[in-house]
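These notes concern the structure reproduced below.
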Amino acid sequence: MSIQMNRLFEIVQILLNEKNVTARKLADYFEISVRTVYRDIETLIVAGIPVYCERGKYGGIRLVDGYTVDRFLISEKEQNEILYALQSLKALNFPDAEKTLSKLSTFFRKDKENWIEIEFSRYGENDNTLFHKIKDAILGRKVVRFTYYNTKGEKSERTANPLKIWFKEKSWYLFAYCHKKRGIRQFKISRIKRLSYTGEYFERPTEEFNMPDKNDAPEGIKLLLKIDKSQAYRVYDEFCEEDIRVNKDGNFEVLMENIENEWLYGYLLSYGEYLIVTEPEKIRKILLEKVEKMKENLMY
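Each position in the sequence shown, counted from 1, maps to that position plus 7 in the numbering used here.
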């Protein structure tokens with residue numbers, strides 16, 4: 008948006024707020040001449056905004072009483088969608104979202120309704136700083152350097168061009184062009200440590216990259232689980248309703264499909280004595296081995 012367009016928008020906002028403003032007050036506010044103010048008023052009139060001037064002791068620049076932005080043919084629904092979108096950006100601490108939201112709320116003559124709030128901190132930790140640094144790097148096209156731990160706990164140093172933040176299945180991910188792998192990679196943000204800017208900048212790809220398709224994921228293993236009714240709060244939070252069956256005794260039978268890895272074993276063990284793996288048998292054997300090892304560790 009040009010400087011003049013931004014100023015015209017703000018003039019309308021001021022007139023909506025104050026009803027009557029002198030040309031001298033606008034000139035002082037924008038640090039321009041009174042002549043430039045009148046040129047701006049003429050521009051607004053040509054654009055169809057009902058601005059008029061009154062001479063005399065109590066004169067000034069005003070909008071026609073009852074004027075609203077509906078004259079711009081933006082429907083009630085469209086106005087709300089714009090404000091709701093800005094609320095979501097504000098929740099993400101997007102630069103200048105609050106300022107723009109305030110302007111448009113006044114412009115549309117609507118109250119700001121806080122309908123969304125996002126907190127990136129985990130228990131005992133603060134991920135807000137990391138998230139904001141990544142966001143700043145994406146918007147500013149800054150090359151970043153960070154330490155990353157993969158699913159096996161292996162540590163590596165990465166340099167990358169951050170492209171997009173993605174939220175999927177209760178986790179935040181960063182999609183970035185990895186210099187080491189020479190391709191776009193997905194990084195789980197909770198496993199990104201010590202992120203910093205390199206001082207270099209990158210050109211964003213002209214072609215939009217595709218998010219990974221669920222069908223492209225490695226084939227998982229199917230499990231049938233029996234879970235005690237005392238764990239209902241977890242069952243309904245962690246599984247789809249169509250995969251849950253409630254038995255007559257109130258206990259659950261749950262179908263689950265996941266890639267077989269250490270995360271899966273740890274997840275199943277997190278239910279302790281409240282879970283039985285009915286199928287497949289090999290998972291039961293693996294869990295039993297891990298429980299025996301845990302017993303040895305506890306006896307140490």
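We put the beta carbon where it would ideally sit given N, CA and C, even for glycine. On a predicted model such as this, the values are computed, not experimentally measured, just so you know.
In this structure, the straight-line span from the alpha carbon of residue 20 to that of residue 28 is close to 11 Å. Our two residues, residue 72 and residue 22, have alpha carbons roughly 11 Å apart in a direct line. Distance from the CA atom of residue 37 to the CA atom of residue 143, rounded to whole angstroms, is 29 Å.
Within the same chain, and ignoring the five residues on either side of residue 156 in sequence, the residues whose Cβ sits closer than 6 Å to its Cβ are 162, 198. For residue 38, no beta strand (DSSP E) segment is defined, and its DSSP state is neither H nor E.
For residue 293, the closest alpha carbon among the candidates 41, 187, 272 is that of 272. Shown here, residue 71 sits in coil according to DSSP, grouped into three states, outside any helix or strand. Burial is judged here by how many other beta carbons sit within 10 angstroms of a residue's own beta carbon; residue 231 has fewer than 16 and is exposed. Taking the Cα of residue 201 as reference, the smallest distance to any Cα among 152, 66, 194 is reached at 152. Annotated three-state conformation of residue 48 is helix, per DSSP.
Excluding residues up to 5 positions away in sequence, 261 lie with their Cβ nearer than 6 Å to the Cβ of residue 246 in the same chain. Under the 10 Å beta carbon count, residue 70 is surrounded by 16 or more other beta carbons and is classified as buried.
Cβ contact annotation for residue 34 (same chain, cutoff 8 Å, sequence separation greater than five): 40, 41, 43, 44, in chain order.
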